[in-house]
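Residue numbers (this note's numbering): 2 to 65. The beta carbon of each residue, even a glycine, is placed where N, CA and C say it ideally should be.
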C-alpha cells in the first residue's frame with residue numbers, strides 16, 4: 002500500500018515581524034497525532050505551546 006506524501010509532522014517557524022521566518026530547532030516537539038490547533042500560552046513568563054488533537058490528551062510544550 003502507498004502512504005500519503007502530502008504532509009509531514011510540521012515545523013516551528015518564528016517570524017521576525019517583517020515577513021521572514023526562521024526554523025527554530027529548540028521547538029522540536031514530535032506530535033504524531035492529527036493536530037487540529039496550536040496556541041501560545043505564557044506560564045510564569047515562559048512561552049508555551051498547547052497542541053490539541055482528535056481523541057488524544059492536550060499536549061503542552063515549552064521553549065527550552
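Beta-carbon proximity of residue i to residue j, cut-off 8 Å
i          : j          : result
residue 63 : residue 47 : yes
residue 32 : residue 51 : no
residue 37 : residue 13 : no
Through-space distance from residue j to residue i, alpha-carbon basis
i          : j          : result
residue 55 : residue 18 : 31 Å
residue 24 : residue 43 : 21 Å
residue 57 : residue 34 : 8 Å
residue 15 : residue 22 : 5 Å
residue 49 : residue 61 : 7 Å
residue 59 : residue 20 : 30 Å
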